[in-house]
Amino acid sequence: MGQLGLDIKQIVAQVLNFILFFLIFKKFIASPFANFLNQEQRKEKEAQDILTKLKQDEESLLQKQVRLKQEMKKEMDKALKEAKKEAELIKNQLITEAKKEADEIKKRAKIQLEDEREKLDRSVKEKLVDLSVAIVNRAFKEYLDDETKKKITQYILANLTKDIIYYEN
Amino acid sequence: MKIDKSIKESLKKYLAELLKKEKEKITLISAYPLDNTELSPLYEYIPDLKESQISFVIDKKILAGVVIKIGSKVIDLSLSDRLNQLRNKIYEIDR
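Protein sequence lines correspond, in order, to chains A and B. Residues 395 to 563 (the working numbering) make up the first sequence, in order. Residues 15 to 109 (the working numbering) make up the second sequence, in order.
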């Protein structure tokens with residue numbers, strides 16, 4: 395070995411040195427580093443999982459939102475339709491009632507008008523009769539001479555009936 | 015205050031007489047003085063007139079005919095009453 399230029403002692407020392415280095419490296423550097431790497435990898439995986447879950451959640455939320463929006467729109471349409479129907483019903487009812495009331499008022503006004511007209515007619519007729527009688531009375535007063543008065547009196551007395559009409563003074 | 019019975023009686027009698035007189039009082043109202051030709055149908059119509067004392071009154075407002083007042087009763091046979099009757103009839107026709 396010595397002829398080959400190899401120093402056994404040195405080789406053994408180097409081997410020992412290497413083993414020692416390997417052991418120290420493994421114990422104090424490689425293992426913690428591997429642990430750190432594993433931990434980081436796990437963390438990243440966890441983060442990835444959370445992200446995926448969040449994405450899924452967001453997607454489902456979006457879907458839910460869309461569905462909710464659709465349902466809301468549907469409900470709103472339904473409510474609007476019902477409200478419209480109800481409003482139409484109330485409108486029709488109100489129109490009918492107003493029409494009825496207007497008819498009633500019209501009828502009453504017509505009756506009142508008719509009544510007023512009748513009253514006015516009667517009053518005019520009465521005034522006309524009063525005036526006519528007053529004119530006749532005046533004419534009789536002015537134009538009846540004694541002879542005519544006598545004739546009228548005689549006529550009245552000649553046509554007396556036995557049914558005497560008394561009235562208290 | 016007490017009133018004497020005899021005074022009471024005479025007062026009663028006097029009032030009854032007055033009432034009787036008032037009841038028998040006859041007034042004949044006409045537009046002009048009536049003569050016998052006009053009075054005779056009236057006497058036939060109301061025989062009591064013959065025996066009663068009549069006061070004659072002239073009232074031109076009645077136009078013609080006569081109004082007989084016997085006490086509180088009235089028999090209106092005047093032309094103005096006829097006109098009133100006519101007016102009332104026209105009123106009734108209108109209604």
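For each residue, glycine too, the CB sits at the ideal point set by N, CA and C.
Around the beta carbon of residue 24/B, fewer than 16 other beta carbons lie within 10 angstroms, which makes this residue exposed.
Counting every other CB atom within 10 Å of its CB across the protein chains shown gives residue 477/A a total below 16, marking it as exposed. Annotation: residue 38/B to residue 54/B spans about 20 Å, alpha carbon to alpha carbon. Shown here for residue 77/B: same chain residues with a beta carbon closer than 7 Å to its own, the five before and five after excluded, namely 45, 92, 93, 94 in chain order. Counting only residues of its own chain and dropping the five nearest sequence neighbours on each side, residue 90/B has a CB closer than 7 Å to the CB of 81. Leaving aside the five residues that flank residue 18/B on each side, none in its chain has a CB nearer than 7 Å to its CB. Around the beta carbon of residue 543/A, 16 or more other beta carbons lie within 10 angstroms, which makes this residue buried. Listed along chain A are 543, 547, each with a C-beta nearer than 8 Å to that of residue 45/B.
Distance between residue 436/A and residue 448/A, taken at the CA atoms: about 18 Å. Per the coordinates, the alpha-carbon of residue 96/B lies some 15 Å from the alpha-carbon of residue 74/B.
Looking at the backbone, the Cα of residue 405/A and that of residue 416/A are separated by about 16 Å. Boundaries of the alpha helix (DSSP H) around residue 451/A: 425-537. Going by C-alpha positions, residue 402/A is about 41 Å away from residue 432/A.
By the beta-carbon neighbour count (other beta carbons within 10 angstroms, threshold 16), residue 399/A is exposed.
Close to residue 42/B, with beta-carbon spacing below 7 Å, lies no residue of chain A; the smallest spacing is near 12 Å.
Along the stretch 70-84 of chain B, the positions whose C-beta sits under 9 Å from a C-beta of chain A are 74, 75, 77, 78, 79, 80, 83, 84, read in chain order. Residues of the same chain with a CB within less than 7 Å of the CB of residue 413/A, apart from the 5 flanking positions on each side, do not exist.
Using a Cβ distance threshold of 8 Å, residue 66/B and residue 104/B do not count as a contacting pair. Residue 420/A and residue 445/A have their C-alpha atoms spaced approximately 35 Å apart. Note on residue 551/A: 16 or more other CB atoms within 10 angstroms of its CB, so buried under the neighbour-count rule.
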